[in-house]
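Heads up, the sequence shown is in full-length UniProt numbering, so the first residue is 1 and it goes up one at a time.
Glycine is no exception: its CB is placed at the ideal position from the N, C-alpha and C atoms.
Just so you know, these numbers come straight off a predicted model, no measurement behind them.
Here is the structure we will look at, set down as C-alpha cells.
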Amino acid sequence: MAKNLYATMKALPGHREKVASLLTALAENVRAEPGCVRFVVYTLEAEPDLFHVEESYRDEAAFKAHMGTEHGRVFNKAIETLVEGGASKVVFLKEIA
1 MAKNLYATMK ALPGHREKVA SLLTALAENV RAEPGCVRFV VYTLEAEPDL FHVEESYRDE
61 AAFKAHMGTE HGRVFNKAIE TLVEGGASKV VFLKEIA
C-alpha cells in the first residue's frame, strides 16, 4: 500500500529564497529514489513564505528508505534555522477513494 503525506513549513522572514532553493534540490534527489511516486513542492499564492510538499512512496519500505537518505538528513539540518519551529510539519494521509 502506498505511503502518502504532505509536509508544510513556513520560512522565517528573509529566508524564503533559501528554503525554496533547498526544497528544489531536495525534490531532485527524492524524485530519483526508486520508491518515490510523487514529490511536488508548492508555495501558497496568498502566503509565499508557506511551502507545501506532497509526497507519495510506493510502500512503507520505500518511505523508510527515503527517511534514511543522506540528502534528507542534510535538508532537515539546513532548515533548522530557516523555518518556523525548526522543522517541517508532516501529516500522513489515508486514501479512501
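Where the beta strand (DSSP E) containing residue i begins and where it ends
| i | result |
| --- | --- |
| H56 | Residue 56 is actually Ser in this sequence, not His. Unbroken beta strand (DSSP E) run through S56: 50-57. |
| A61 | Unbroken run through A61 is the alpha helix (DSSP H), 60-67; no beta strand (DSSP E). |
| L93 | 89-93 |
| V40 | 36-43 |
Classification of residue i by the beta-carbon crowding that lies within 10 angstroms, buried from 16 upward
| i | result |
| --- | --- |
| E55 | buried |
| V83 | buried |
| A46 | exposed |
| A97 | exposed |
| F39 | buried |
| V3 | The amino acid at residue 3 is misidentified as Val; the sequence shows Lys. Buried. |
| V30 | buried |
| V91 | exposed |
Alpha helix (DSSP H) segment containing residue i, residue limits
| i | result |
| --- | --- |
| V74 | 70-78 |
| L26 | 16-31 |
Where residue i falls: helix, strand or coil (DSSP)
| i | result |
| --- | --- |
| A11 | strand |
Any non-hydrogen atom of the ligand GTP within 6 Å of residue i CB
| i | result |
| --- | --- |
| A7 | Looking for the ligand GTP in the displayed structure turns up nothing, as the structure carries no ligands at all. |
Cα-Cα separation, residue i to residue j
| i | j | result |
| --- | --- | --- |
| L22 | K10 | 13 Å |
| P34 | H66 | 9 Å |
| T81 | V19 | 10 Å |
| R58 | D49 | 30 Å |
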